[in-house]
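Chemist:
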Amino acid sequence: MTLKESATAGKEYIVKNINTNDEELESFLFSLGCYSGESIFVISKKRSGLVVSIKDGRYNIDHFLADAIEVE
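Our numbering applies: residue 13 is where the sequence shown begins, and numbers increase by one.
(1) Taking buried to mean at least 16 other C-beta atoms within 10 Å of its own C-beta, is Lys16 buried or exposed?
(2) Give the C-beta separation of Val83 and Ser39 to the nearest angstrom, bearing in mind that I take them to be a contact with Cβ-Cβ under 8 Å.
(3) So what does DSSP say about Lys67, is it helix, strand or coil?
(4) Would you kindly report the start and end of the unbroken alpha helix (DSSP H) that includes Gly16?
(5) Span of the alpha helix (DSSP H) holding Glu84?
(6) For Leu62, which beta-bridge partners are listed by DSSP?
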């Protein structure tokens, strides 16, 4: 299930996989610390995307990015 489909504000998820054929997108998410086994906390859900916490950073990601992140 992707983060876009399952995101609930105030809930923590574990990244299962990054599902994309776009190497730049995968590299960008990796640079944020978003990779398999890492936790991702959904701070809030907005119409334009999600505000998430990965490691010590807060990020606003759009639905396209959230759809590439598979979570448990």
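Beta carbons: idealized from backbone N, C-alpha and C, even for Gly.
Modeler: In short:
(1) So Lys16 ends up on the buried side.
(2) For Val83 against Ser39, the beta-carbon gap comes to about 20 Å, at or over 8 Å, which does not count as contact.
(3) For Lys67, the secondary structure class from DSSP, reduced to helix, strand or coil, is coil.
(4) The sequence shown places Lys at residue 16, rather than the Gly named in the question. First-last of the alpha helix (DSSP H) with Lys16: Leu15 to Ser18.
(5) Per DSSP, Glu84 belongs to no alpha helix (DSSP H) and is neither H nor E.
(6) Beta-bridge pairing links Leu62 to Lys57 and Ile73.
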